[in-house]
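Novice: Throughout the sequence shown, residue numbering follows the working numbering, covering 1 to 626 in sequence.
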Amino acid sequence: MKRWLLSLPFLLLAWLLAGPASEVQAMAEPDPITPKLLNAANAAEFVDNYVAANMASMQVPGAAIVVVQGDEVLHAAGYGLADLAANRPVVVDETVFRFGSVSKLFTAAAVLQLAEQGQLRLDAPANDYLRSLQIPDNGGPPVTVADLLLHTAGFDDVFFGMHAREAADFESLAAFLTHHMPAQRYPAGTVISYNDHGYSLAGLVVEEVSGQSFESYLDENILGPLGMAGSTFAQPHPAAGTLRMAVGYRFDGAVNQPYAYDFVNVRPAAALSGPASDMVQFLRLQLNDGQVDGVQVLAPATVASMQTPQFRHHPSLRGRAYGFAEWQENGYQAFYHDGGNPGFLNRLMIIPEANLGYFVTFNGDLYGPATRFHRDFTTQFMDTFLPERAEPIAIQASGTLSEPAALFSGYYREVPAYSHDTLQKLKSLPEQFPVNVEGNRLQLWGRDYVETEPLIFRNAESSSPVVFRTTVASETQQLYAGAGAYERVPWYEALPVQLGLIGWFLLTFLSGIIVALSWRSAPGLLRGVLGVGSLLNLLFLVSMALVLLRMDPWQFIYGLPPIVLVLLALPLVTTVLALLLVPLAAAGWRQGEWSWLGRGYLVLASLTALGFPVFLSVWNLLGYKQ
1 MKRWLLSLPF LLLAWLLAGP ASEVQAMAEP DPITPKLLNA ANAAEFVDNY
51 VAANMASMQV PGAAIVVVQG DEVLHAAGYG LADLAANRPV VVDETVFRFG
101 SVSKLFTAAA VLQLAEQGQL RLDAPANDYL RSLQIPDNGG PPVTVADLLL
151 HTAGFDDVFF GMHAREAADF ESLAAFLTHH MPAQRYPAGT VISYNDHGYS
201 LAGLVVEEVS GQSFESYLDE NILGPLGMAG STFAQPHPAA GTLRMAVGYR
251 FDGAVNQPYA YDFVNVRPAA ALSGPASDMV QFLRLQLNDG QVDGVQVLAP
301 ATVASMQTPQ FRHHPSLRGR AYGFAEWQEN GYQAFYHDGG NPGFLNRLMI
351 IPEANLGYFV TFNGDLYGPA TRFHRDFTTQ FMDTFLPERA EPIAIQASGT
401 LSEPAALFSG YYREVPAYSH DTLQKLKSLP EQFPVNVEGN RLQLWGRDYV
451 ETEPLIFRNA ESSSPVVFRT TVASETQQLY AGAGAYERVP WYEALPVQLG
501 LIGWFLLTFL SGIIVALSWR SAPGLLRGVL GVGSLLNLLF LVSMALVLLR
551 MDPWQFIYGL PPIVLVLLAL PLVTTVLALL LVPLAAAGWR QGEWSWLGRG
601 YLVLASLTAL GFPVFLSVWN LLGYKQ
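Here is the structure:
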């Protein structure tokens, strides 16, 4: 699932920007690293050492890791505890983990299998196969089945309602999508915009083309033929025989707290669960042209399409294959998918050139130190067995920028990684990053980038460039890096402007309370409206900040938490008070009994009170928008 931390805009982004220089030089070529021979003994030694060195410090209660090369299982083992309270250890072929968004690989395989059989076309509009609902027509190109698999449908990212706490609130796939259809913000086929609802629609296509439930189709046509007997999209997992569910945990700063089992409404995107040993079979499928134990589950061409980028923002950037995201590490092309559910994280990666793959699953949480466990594993695994082989790139800056500096500079945010229409938009504020122009260089992410071709910028320490796209009017619209897309933020939503506004609101509301208590010559009603409105607005800002910064972000997948619903009522009250304040202040002004300083303050206080709901509306904080 989407990795994000919903927070209020009181976090300053600190960026260490390198100073300008006249030319960017390539880094000196490091001494070559002798790769360690990859065999069963060395794989086991590496994994055992990695787990021993990192599991405790990263607050990972339990993990299971498998490494496969070709058709051979080099390593498969469990580590730590599946259940802390019961002191139950992880057993690689018995402990059931929740695989999160790694599920998308299996949904993609199911769609591609139906395409193999001629039951659907990837380039056809998804609406051709949907009977229960239709994707709304936004006047642009239709959303194709391929767009759903490549995250290029252009949908908003909607977090609320993706999970249900109780089985009674667990909806059918068609019902859930009918109630939670995301808006389409970008033309289909133009930008990568990671989206769980898109994969849920792909799962609904599987249902309506096959005539089976999504879970049944996957059990009978993908998981069963692969021999993944312990894995299923069914919820809850049946966990029969020796299979037992692991408990998901969140580290609260002191101890690991358990999560209660919940139900995934976006099931094709994130509901698969099973023992890590089952993933051996999927890795073998990917490394052996779709064949496992003599059974041709997918055609070789289908597997190749899952390991071939089908969409890139630019030829020099990473892209998306069907199911997988492309990765570059140490000069090797790899394909991977991460996955997370409350209390669980996963990574499945294949390196086709080395005919190698691995899967890491563990019961630690995204929003804590455990989030590094699978990422650091990748870096250390590659450095050990497939060390850097890419030649350093000499980069020569062009004399001047191809476009005016104003077209590049500004604040950017990910596309979309938030919902435009709900308060989830708020999370995009602290995630903004600046792009600064110094002479003929760009400074972003703490690095200098120089323009090597028009609108293409490179850094000597990174093999991946930064690419800009401009509109017809020659205004920079988007920035691309890796496989991600980022949009320039309107000036009024930029982080410095918003932080300035927040500071102004805090000071004005605080002063409003003081003035209301001390300005005895003002009418009581005016003082009351000013004081109560200022107090409630200040209470809203401070309380919402504390609640959102301290609350477990996973709580928002069920909808707005009760405390947030209560706090959102405050601006509705203060908006009414602001409308009352204006005529009261105007009446006092006309009486002429106050000093110019007093009159001026009332004008500023009134304008601030009226401007506050406008500010809240920009971030969907006025009313109940979920």
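Even glycine gets a Cβ: it sits at the ideal position worked out from N, Cα and C. What you are looking at is a predicted structure, and each value in this text was computed from that prediction instead of being measured.
Checking 8 Å against the spacing of the C-beta atoms, do Val435 and Tyr412 come in under that value?
Specialist: yes
Novice: What's the gap between the Cα of Asp289 and the Cα of Tyr358?
Specialist: 17 Å
Novice: Give me, in chain order, the residues of the same chain whose beta-carbon lies closer than 8 Å to that of Ser305; leave out the 5 immediate sequence neighbours on both sides.
Specialist: The residues are Leu112, Ala321 and Tyr322.
Novice: For Glu326, report the span of its beta strand (DSSP E) as first-last.
Specialist: Ala325 to Glu329
Novice: In chain order, which continuous runs of the beta strand (DSSP E) of length 3 or greater are located wholly inside the region 328–361?
Specialist: Along the length of the region 328–361, whole beta strand (DSSP E) runs at least 3 residues long occupy 332–341 and 344–351, reported in chain order.
Novice: DSSP three-state call for Ser462: helix, strand or coil?
Specialist: strand
Novice: Is Pro142 helix, strand or coil when you go by DSSP?
Specialist: coil
Novice: Measure the alpha-carbon distance for Asp71 versus Leu201 and round it to whole angstroms.
Specialist: 33 Å
Novice: Going by C-alpha to C-alpha distance, which of Gly598, Pro613 and Tyr558 sits closest to Leu568?
Specialist: Checked all of Gly598, Pro613 and Tyr558; the closest Cα to Leu568 is Pro613.
Novice: Would you call Phe157 buried or exposed, if buried means 16 or more other Cβ atoms sit within 10 Å of its Cβ?
Specialist: The sequence given here has Asp at residue 157, not Phe. Buried.
Novice: Taking Gln59 as the reference, give the member of Asp252, Leu243 and Gly598 with the closest Cα.
Specialist: Asp252
Novice: If you compare alpha carbons, which of Gly446, Gln134 and Ile563 is closest to Leu548?
Specialist: Ile563
Novice: Take Val73 as the anchor and find which of Glu453, Gly533 and Leu356 has the nearest alpha-carbon.
Specialist: Leu356
Novice: Using only the heavy atoms of the ligand SAM, determine whether one of them is closer than 7 Å to the beta carbon of Leu149.
Specialist: You won't find the ligand SAM in this model; it holds no ligand whatsoever.
Novice: Which residue wins for smallest C-alpha separation from Phe615, given the options Leu423, Gly512 and Glu451?
Specialist: For Phe615, the closest alpha carbon among the candidates Leu423, Gly512 and Glu451 is that of Leu423.
Novice: Would DSSP call Asp128 helix, strand or coil?
Specialist: helix
Novice: How would you call Asn341, buried or exposed, if buried means at least 16 neighbouring beta carbons within 10 angstroms?
Specialist: Looking at its Cβ environment, which holds 16 or more other Cβ atoms inside 10 Å, Asn341 is buried.
Novice: Where does Gln478 land, buried or exposed, given buried means 16+ other C-beta within 10 angstroms?
Specialist: buried
Novice: Helix, strand or coil for Thr190, going by three-state DSSP, please let me know.
Specialist: coil
Novice: Near Arg447, what residues of its chain come up, given a Cβ to Cβ distance below 8 Å and the 5 sequence neighbours on each side ignored?
Specialist: Ala18, Asn459, Glu461 and Ser462
Novice: So Leu577 and Val529 are supposed to be a Cβ contact under 8 Å. How far apart are they, rounded?
Specialist: 5 Å
Novice: For Ala153, does the count of other Cβ atoms within 10 angstroms reach 16, so buried, or fall short, so exposed?
Specialist: buried
Novice: Taking the alpha helix (DSSP H) that Val547 belongs to, which residues open and close that run?
Specialist: Per DSSP, the unbroken alpha helix (DSSP H) holding Val547 starts and ends at Gly524 to Arg550.
Novice: Three or more C-beta pairs closer than 8 Å, one from the region 399–407 and one from the region 124–138: is that the case here?
Specialist: no
Novice: With a cut-off of 8 Å, do at least 3 Cβ pairs link the region 166–181 to the region 258–266?
Specialist: yes
Novice: Quick check: Met245 and Gln281, are their CB atoms within less than 8 Å of each other?
Specialist: Met245 places its beta carbon 8 Å or farther from that of Gln281.
Novice: Quick one: Cα of Gln626 to Cα of Leu572, how far?
Specialist: Taking the Cα positions, Gln626 is about 16 Å away from Leu572.
Novice: Which of the three DSSP states is assigned to Asp219 in this structure?
Specialist: helix
Novice: What whole-angstrom Cβ distance do Arg250 and Gln257 have, given they're in contact under 8 Å?
Specialist: 5 Å
Novice: Quick check on DSSP: helix, strand or coil for Tyr486?
Specialist: strand
Novice: Does the beta-carbon of Glu451 have 16 or more other beta-carbons within 10 angstroms, so that it is buried, or is it exposed?
Specialist: buried
Novice: With a Cβ-Cβ cutoff of 8 Å, do Leu526 and Gly598 count as a contact?
Specialist: no
Novice: Less than 7 Å between C-beta atoms, sequence neighbours within five positions excluded: which residues of the same chain meet that for Leu287?
Specialist: Once the five neighbours on either side are set aside, the close Cβ partners of Leu287 are Val68, Gly70, Ile350, Asn355 and Gly357.
Novice: From the DSSP output, in three-state form, read off Val437 for me.
Specialist: strand
Novice: Leaving out five residues on either side along the sequence, give the residues of the same chain with a beta carbon under 7 Å from the beta carbon of Val209.
Specialist: Cβ within range, chain order: Leu114, Gln119, Leu120 and Tyr129.
Novice: Using a 10 Å radius around the Cβ and a threshold of 16 neighbouring Cβ atoms, would you call His75 buried or exposed?
Specialist: His75 counts as buried, since no fewer than 16 other beta carbons sit within 10 angstroms of its beta carbon.
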